[in-house]
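Asks:
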Ligand SMILES: Cc1ncc(COP(=O)(O)O)c(C=O)c1O
Ligand SMILES: [Zn+2]
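In the numbering used here, the protein residues as written are 21 to 408.
#1: Tell me the rounded alpha-carbon separation between residue 160 and residue 88.
#2: Who does residue 115 pair with in a DSSP beta bridge?
#3: For residue 394 and residue 129, what's the separation of their Cα atoms in angstroms?
#4: Between the segment 367–378 and the segment 346–353, are three or more C-beta pairs nearer than 8 Å?
#5: Just to confirm, is the Cβ distance from residue 134 to residue 164 under 7 Å?
#6: Might you give, ordered along the chain, the residues of its own chain that have their beta carbon closer than 7 Å to the beta carbon of residue 151, omitting 5 neighbours on each side?
#7: Over the uninterrupted alpha helix (DSSP H) stretch that includes residue 53, give me the two end residues.
#8: Please tell me whether, using a cut-off of 6 Å, the distance from the CB of residue 293 to the nearest non-hydrogen atom of ligand 1 is below it.
#9: Whole angstroms are fine: how far does the CA of residue 268 sit from the CA of residue 258?
#10: Just confirm the distance between the C-beta atoms of residue 201 and residue 148, as a whole number of angstroms; I'd bet it's less than 8 Å.
#11: Sorted by chain position, which residues of the same chain lie with C-beta nearer than 7 Å to residue 123's C-beta, five sequence neighbours on each side aside?
#12: Using 8 Å for Cβ pairs, my map puts residue 51 next to residue 227. What's the rounded Cβ distance?
#13: Which of the three DSSP states, helix, strand or coil, is assigned to residue 399?
#14: Which whole runs of the alpha helix (DSSP H) in the segment 171–212 are 4 residues long or more, in chain order?
#15: Should residue 279 go down as buried or exposed, given a rule of 16 or more other Cβ atoms within 10 Å for buried?
#16: Since I believe residue 294 is in contact with residue 340 (beta carbons under 8 Å), could you give me their beta-carbon distance rounded to a whole number of angstroms?
#17: In its own chain, which residues sit with a C-beta less than 7 Å from the C-beta of residue 376, not counting the 5 before and 5 after it?
#18: Please confirm whether any heavy atom of ligand 2 lies closer than 6 Å to the CB of residue 44.
#19: Hey, is residue 31 close to ligand 2, as in C-beta under 6 Å from one of its heavy atoms?
#20: In terms of residues, what are the limits of the beta strand (DSSP E) holding residue 247?
#21: Identify the continuous alpha helix (DSSP H) that holds residue 350 and give its terminal residues.
#22: Say the cut is 6 Å; is the CB of residue 252 nearer than that to a heavy atom of ligand 1?
#23: Just verifying my parser: in three-state terms, what is the DSSP assignment at residue 33?
#24: Under 7 Å between the Cβ atoms of residue 145 and residue 81?
#25: Please give me, in chain order, every unbroken run of the beta strand (DSSP E) with length at least 3 that falls completely inside the segment 206–290.
#26: Taking the C-alpha atoms as reference points, what is the distance between residue 312 and residue 157?
#27: Beta-carbon within less than 6 Å of residue 289's beta-carbon, same chain only, minus the 5 sequence neighbours each way: which residues are those?
#28: Can you tell me where the alpha helix (DSSP H) holding residue 92 begins and where it ends?
#29: Per DSSP, which residues does residue 23 bridge with? Please list them.
#30: Would you give the residue range spanned by the beta strand (DSSP E) that residue 145 belongs to?
#31: Among the candidates 276, 211, 225, 210, whose CA atom is the shortest distance from the CA of residue 238?
#32: Taking 6 Å as the cut-off, does the CB of residue 284 come closer than this to any heavy atom belonging to ligand 1?
#33: From residue 33 to residue 232, what does the alpha carbon distance come to, in whole angstroms?
#34: Count the other C-beta atoms from every protein chain shown that fall within 10 angstroms of the C-beta of residue 386, then say buried if there are 16 or more, exposed otherwise.
#35: What separation, rounded to the nearest whole angstrom, lies between the Cα atoms of residue 212 and residue 324?
#36: Which residues in the same chain have their Cβ closer than 6 Å to the Cβ of residue 191, if we skip the five residues on either side of it in sequence?
In structure tokens:
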């Protein structure tokens, strides 16, 4: 890594900079790399095992002693031939992020952001979350020996709330929805000067999620699927995959120059990015009354929407909103036709792919990848309502 660059105003900062987001414009700071001098080959990367840190040259941590890891990433791509047949496409595969240490893909962002905090000599961090990111952050903070404050809403589920406290983090519970957790978080951060690991305030979380994209390309033999369906809240993973694609193109590592279409899936009860796509806009309008049981994708005002929309438009992707009941059905379909346990948000992603197949929007030679962002055990309550 060579420096941070603001996605919004282009201002650059050196590696020691700890004030996030961009002090000039409140924009997103993005780690940049000197890939002209990259000291690792595709073959060397393929031979490494273990965790997402096999891609350490693509990550913003300079000294391996600062890495906070417990084997996150390197999750399998699981083929689902039965689903492919039913959907009339060549291949359906699921990237099973439920197999991460705290059962969601949030572990990648937590590993990177707590490693970033260690690198910067930080001993107290704060994060607002719908639940999963807070649980992941508290686990990695415990491992790093860093004090962690997690702001959740009361509606976060018992697993998330209990495990935050089990890891020894300070749990701050507020009424209402994610926006209110965000408000309380800002208050605490400003009052105590705690270091932020909030979505797109820290420059490290989307870098951690970038490894999901790097893995996908490697697992597809340095090519990619035709379509990726991603359950989208703040868009951290979507932008991570988009960055992975761009960096691999820059390095000349991909076999084929065409990117996979990146498809944003949201809930019809909170779909600001899908609405922006439908209206060909470059930015979203905040969603007035967010209402979804897929709380990880119930994000009414995602600050990184211009970057997400760039990823969708540049890759020929689209936006699909599905109801909660379709999302739950999607999760059950995965459990019953592929054996893979999903929570509500990735259930929405599978439901959206099935819907597009039914509408004739997918081709028979398409290879489809669904990101299973979180395991079924995060949503047993919700799932139990739809089991017949
Ligand atoms: C299970 C699950 N899926 C998807 C998301 C959305 O993630 P992102 O912020 O990367 O869009 C979340 C975020 O909380 C989540 O917990
Ligand atoms: Zn800026």
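Think of the CB as a built atom: it goes at the ideal place given N, C-alpha and C, for glycine as much as any other residue. Bear in mind the structure is a predicted one, so any value in this text is a computation, not a measurement.
Replies: If we stick to the structure as given:
#1: Residue 160 and residue 88 have their C-alpha atoms some 7 Å from each other.
#2: In the DSSP assignment, residue 115 forms a beta bridge with 97, 391.
#3: One C-alpha to the other measures close to 14 Å.
#4: With the cut-off at 8 Å, the segment 367–378 and the segment 346–353 touch.
#5: In contact: residue 134 and residue 164 (Cβ atoms closer than 7 Å).
#6: Result list for residue 151: 172, 176, 177, 180, 315, in chain order.
#7: Premise fails: residue 53 is in no alpha helix (DSSP H) and is neither H nor E.
#8: Incorrect: residue 293 has no Cβ contact closer than 6 Å to ligand 1.
#9: About 16 Å.
#10: Rounded, the Cβ-Cβ distance is 4 Å, consistent with contact.
#11: Contacts found: 394, 395, 397, 398.
#12: Contact flag correct, Cβ pair sits at about 6 Å.
#13: Secondary structure of residue 399 (DSSP, three-state): coil.
#14: Complete alpha helix (DSSP H) runs here, min 4: 178–186, 198–212.
#15: Residue 279 is buried by the Cβ-count criterion.
#16: Confirmed, Cβ separation roughly 7 Å.
#17: Closer than 7 Å at the Cβ level, and outside the excluded window around residue 376, lie 340, 382.
#18: Under cutoff, so the answer is yes.
#19: Because some heavy atom of ligand 2 lies under 6 Å away, the Cβ of residue 31 counts as near it: yes.
#20: Boundaries of the beta strand (DSSP E) around residue 247: 247–251.
#21: If you look at residue 350, you'll find it in the alpha helix (DSSP H) that goes 344–357.
#22: Here the distance from the Cβ of residue 252 to the nearest heavy atom of ligand 1 is below 6 Å.
#23: Strand, per DSSP.
#24: The answer is no: Cβ separation not under 7 Å.
#25: Segments of the beta strand (DSSP E) lying fully in the segment 206–290: 247–251, 281–287.
#26: Here the C-alpha atom of residue 312 lies approximately 23 Å from the C-alpha atom of residue 157.
#27: 311, 312.
#28: Secondary structure note for residue 92: it is in no alpha helix (DSSP H), with a DSSP letter that is neither H nor E.
#29: Paired residues: 52.
#30: Residues 144–148.
#31: Among 276, 211, 225, 210, the Cα nearest to that of residue 238 belongs to 276.
#32: Of the heavy atoms belonging to ligand 1, none sits nearer than 6 Å to the Cβ of residue 284.
#33: Approximately 26 Å, taken between the alpha carbons.
#34: Residue 386 comes out buried.
#35: Roughly 26 Å between the two C-alpha positions.
#36: Contacts found: 170, 184, 185.
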